[in-house]
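Student: Okay, handing you the structure first.
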Amino acid sequence: MSFRLAAYAVCIEDGRVLLAHHVGPRGERNWTLPGGKVERSLRRGHPGGRRGDRL
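Numbering (this note's numbering), first residue to last: 1 to 55.
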């Protein structure tokens, strides 16, 4: 079993919940919370980082 670090958000406004429509690699469709994979940055304490700056 493998694991990955991800971050998601629950956004509620006027009793409505924000969802994202996701289409998977085989065309399967579903609704999910907005968010996704967290990538590591080369510099500690820096939330961004550029492509190629990964550990």
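Beta carbons are placed, not taken as given, at the ideal position from N, Cα and C, and that holds for glycine. As the structure is a computational prediction, the values presented were derived from the model and not from experiment.
(1) Between the alpha carbons of N30 and H21, how many angstroms are there, rounded?
(2) Measuring CB to CB, does P34 end up less than 7 Å from A9?
(3) Am I right that G27 and A6 are in contact with their C-beta atoms under 8 Å? What's the rounded C-beta distance?
(4) In this structure, does DSSP put R4 in helix, strand or coil?
(5) With a cut-off of 8 Å on the beta carbons, I'd call L19 and T32 a contact; round off their distance for me.
Tutor: This is what the structure gives:
(1) Rounded to the nearest angstrom, the two C-alpha atoms are 6 Å apart.
(2) yes
(3) With a Cβ gap of about 22 Å, G27 and A6 do not count as contacting.
(4) coil
(5) 7 Å
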